[in-house]
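Residue numbers (my numbering), protein chains in the order written: chain D, 1 to 246; chain P, 1001 to 1306. This report concerns only the one structure given below.
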């Protein structure tokens, strides 16, 4: 168990702490992406959608943390051959990915801290609501981490990998109604929006804090979708991710 | 099947996108020696494929391979506790320092933080980088970056180390320095080294394997490989010299103003005496690894084309 903790620590150090320590400017990027949307939505709605925008910021941060993992792991694998070095060592893929994923969360701490302060000021979630929000955000993160890791093990080119990472982030955290209620988009597009698990995440979060009202059926359905998608992506990662190349 | 530290039995690898072309074609070998085992071959010969299979990074298509009696598929976890690898084209991460590079690698191997920190400094000092251990990797020269990678495997307790073309692209001085580090590393461990540089293999390796188009065409110590050749001696003669008659040997090729004669010991002495009488410039030596390589690879190519 101790060795496992050290292996996780190594990934955390390489993928976040050392980079943040030696290149502090990289932190600005992780803060700006979710906050920029929050600011735009808040200004355009004259402050009416600040609650939805803050929750959207959380969802985007968590989802992008997982997807950034894909780009970072591909970068480390293809440009530095780090994965091959680690494969030929006692480290397990689980420890490697857990550490790398934690590193992405550590990267997001500045953005998450700002969002937490904003949430405390504008949303005032209670203990139960906070737990529900935490559950939603965690599922978003775990699902995107599993997807990011799987894709990274298939990638052989960093340019393609970063393009994929941005594309998936846009498809799942920018295009769907994450920063505002789904009722703000025209009806035909709502069906497309429901293809993204982030739509369900946003609805559950907005419902938990009283920004919208969902029926009990919709809440159960939303959670089922979130859990099922995360589980599916996790199983795909376990079965299909390439640690040793075929 | 042969016995030894490294064993391959009809090892074959076909990549999915290679339309059936074999990267490794029924390679069987057994290497018992400690010290340095060097794999040489042209680009695409299969060196990296073989190293990646033995280092448990790649799954073979057919055949078997083992490292010190442990099967690369069934016993991969046990093998990974005993090996360390610097892959081909491995680079240091620019936002880390040499010490952070070695320390994190040791953490991945389960070493405690304090011990990893101490071992990292020791390993970097061994390759002469004690003063640079806290500089960013991106500020280091190409040769120094390679030394950092050597320090990572040097710091570990792995007793079998794979180094895939560690000196490619280095200037002669950096290469010499790295050779010194590798020689030190091989004192207590088994090194598997792939290289394009025949001089490097000749100088460092105890045993040499020659791969060509996925097949093993030669394996042994330099003397054992020499014994596979008909001629054991080489005469390099400047081209302006009138070449004495060569009865038994072979005039092989001209290189940069020189003609090479491969022949047996007695004729080599006869020719050299004749050249001495003429006052010609020449050099006589036993055949080099380069001669052996050209002979085996050329012979293998001829067989393939027949």
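By construction, the Cβ of each residue, glycine as well, lies at the ideal position given by its N, Cα and C atoms. A quick note: this is a predicted structure, and the numbers were derived from the prediction, not measured.
Proximity test, Cβ basis, 7 Å: residue i and chain P
{"i": "residue 266 (chain D)", "result": "Only positions 1 to 246 of chain D appear in this structure, which leaves residue 266 (chain D) out of reach."}
{"i": "residue 6 (chain D)", "result": "yes"}
{"i": "residue 78 (chain D)", "result": "no"}
{"i": "residue 29 (chain D)", "result": "no"}
{"i": "residue 9 (chain D)", "result": "yes"}
{"i": "residue 201 (chain D)", "result": "no"}
{"i": "residue 132 (chain D)", "result": "no"}
{"i": "residue 18 (chain D)", "result": "yes"}
Neighbour-count burial assignment, residue i, 16 or more Cβ in a 10 Å radius
{"i": "residue 25 (chain D)", "result": "exposed"}
{"i": "residue 124 (chain D)", "result": "exposed"}
{"i": "residue 1295 (chain P)", "result": "buried"}
{"i": "residue 226 (chain D)", "result": "buried"}
{"i": "residue 16 (chain D)", "result": "buried"}
{"i": "residue 1173 (chain P)", "result": "exposed"}
{"i": "residue 1036 (chain P)", "result": "buried"}
{"i": "residue 1169 (chain P)", "result": "exposed"}
{"i": "residue 1079 (chain P)", "result": "buried"}
{"i": "residue 28 (chain D)", "result": "exposed"}
{"i": "residue 1 (chain D)", "result": "exposed"}
{"i": "residue 1271 (chain P)", "result": "buried"}
{"i": "residue 94 (chain D)", "result": "exposed"}
{"i": "residue 1223 (chain P)", "result": "exposed"}
{"i": "residue 1306 (chain P)", "result": "For residue 1306 (chain P), the predicted model reports a pLDDT of 46, less than 50, meaning its position is unreliable and no value from the coordinates is stated."}
{"i": "residue 78 (chain D)", "result": "buried"}
{"i": "residue 1081 (chain P)", "result": "exposed"}
{"i": "residue 154 (chain D)", "result": "exposed"}
{"i": "residue 1276 (chain P)", "result": "exposed"}
{"i": "residue 1134 (chain P)", "result": "exposed"}
Residues bridged to residue i [DSSP beta-bridge criterion]
{"i": "residue 1260 (chain P)", "result": "P:1236"}
{"i": "residue 1062 (chain P)", "result": "P:1012"}
{"i": "residue 1163 (chain P)", "result": "P:1086 and P:1193"}
{"i": "residue 1286 (chain P)", "result": "P:1233"}
{"i": "residue 149 (chain D)", "result": "Paired residues: none, contrary to the question."}
{"i": "residue 1030 (chain P)", "result": "P:1007"}
{"i": "residue 1220 (chain P)", "result": "P:1208"}
{"i": "residue 1035 (chain P)", "result": "P:1190"}
{"i": "residue 1067 (chain P)", "result": "P:1006 and P:1070"}
{"i": "residue 245 (chain D)", "result": "P:1058"}
{"i": "residue 1250 (chain P)", "result": "P:1262"}
Supposed contact pair residue j and residue i - C-beta distance, whole angstroms, cut 8 Å
{"i": "residue 1152 (chain P)", "j": "residue 1129 (chain P)", "result": "Not confirmed; about 11 Å, so no contact."}
{"i": "residue 1099 (chain P)", "j": "residue 1121 (chain P)", "result": "7 Å"}
{"i": "residue 1249 (chain P)", "j": "residue 1262 (chain P)", "result": "6 Å"}
{"i": "residue 56 (chain D)", "j": "residue 32 (chain D)", "result": "Going by Cβ atoms, the distance from residue 56 (chain D) to residue 32 (chain D) rounds to 15 Å, so no, they are not a contact pair."}
{"i": "residue 1160 (chain P)", "j": "residue 1190 (chain P)", "result": "5 Å"}
C-alpha gap between residue i and residue j, whole angstroms
{"i": "residue 1220 (chain P)", "j": "residue 1292 (chain P)", "result": "11 Å"}
{"i": "residue 1231 (chain P)", "j": "residue 1286 (chain P)", "result": "9 Å"}
{"i": "residue 148 (chain D)", "j": "residue 1202 (chain P)", "result": "45 Å"}
{"i": "residue 114 (chain D)", "j": "residue 35 (chain D)", "result": "9 Å"}
{"i": "residue 238 (chain D)", "j": "residue 198 (chain D)", "result": "22 Å"}
{"i": "residue 170 (chain D)", "j": "residue 67 (chain D)", "result": "10 Å"}
{"i": "residue 243 (chain D)", "j": "residue 150 (chain D)", "result": "10 Å"}
{"i": "residue 1104 (chain P)", "j": "residue 1031 (chain P)", "result": "32 Å"}
{"i": "residue 89 (chain D)", "j": "residue 1023 (chain P)", "result": "25 Å"}
{"i": "residue 193 (chain D)", "j": "residue 210 (chain D)", "result": "21 Å"}
{"i": "residue 1236 (chain P)", "j": "residue 1245 (chain P)", "result": "15 Å"}
{"i": "residue 1049 (chain P)", "j": "residue 1007 (chain P)", "result": "15 Å"}
{"i": "residue 188 (chain D)", "j": "residue 182 (chain D)", "result": "11 Å"}
{"i": "residue 1298 (chain P)", "j": "residue 1225 (chain P)", "result": "15 Å"}
{"i": "residue 1247 (chain P)", "j": "residue 1264 (chain P)", "result": "10 Å"}
{"i": "residue 1115 (chain P)", "j": "residue 1155 (chain P)", "result": "11 Å"}
{"i": "residue 1041 (chain P)", "j": "residue 1195 (chain P)", "result": "8 Å"}
Below-7 Å beta-carbon distance, residue i vs any chain D residue
{"i": "residue 1133 (chain P)", "result": "no"}
{"i": "residue 1019 (chain P)", "result": "no"}
{"i": "residue 1095 (chain P)", "result": "yes"}
{"i": "residue 1083 (chain P)", "result": "yes"}
{"i": "residue 1330 (chain P)", "result": "Limits of chain P in this structure are 1001 at one end and 1306 at the other, which puts residue 1330 (chain P) out of reach."}
{"i": "residue 1057 (chain P)", "result": "yes"}
{"i": "residue 1001 (chain P)", "result": "Residue confidence is low: residue 1001 (chain P) scores 42 on pLDDT, short of 50, so the model does not pin down where it sits. Its coordinate-derived value is still stated next. With 7 Å as the cut-off, residue 1001 (chain P) does not count as an interface residue toward chain D."}
{"i": "residue 1200 (chain P)", "result": "no"}
{"i": "residue 1087 (chain P)", "result": "yes"}
{"i": "residue 1110 (chain P)", "result": "yes"}
The ligand SAH heavy atom lying under 6 Å from the CB of residue i
{"i": "residue 1026 (chain P)", "result": "Only the bare structure without any ligand can be found here, which leaves the ligand SAH out of the picture."}
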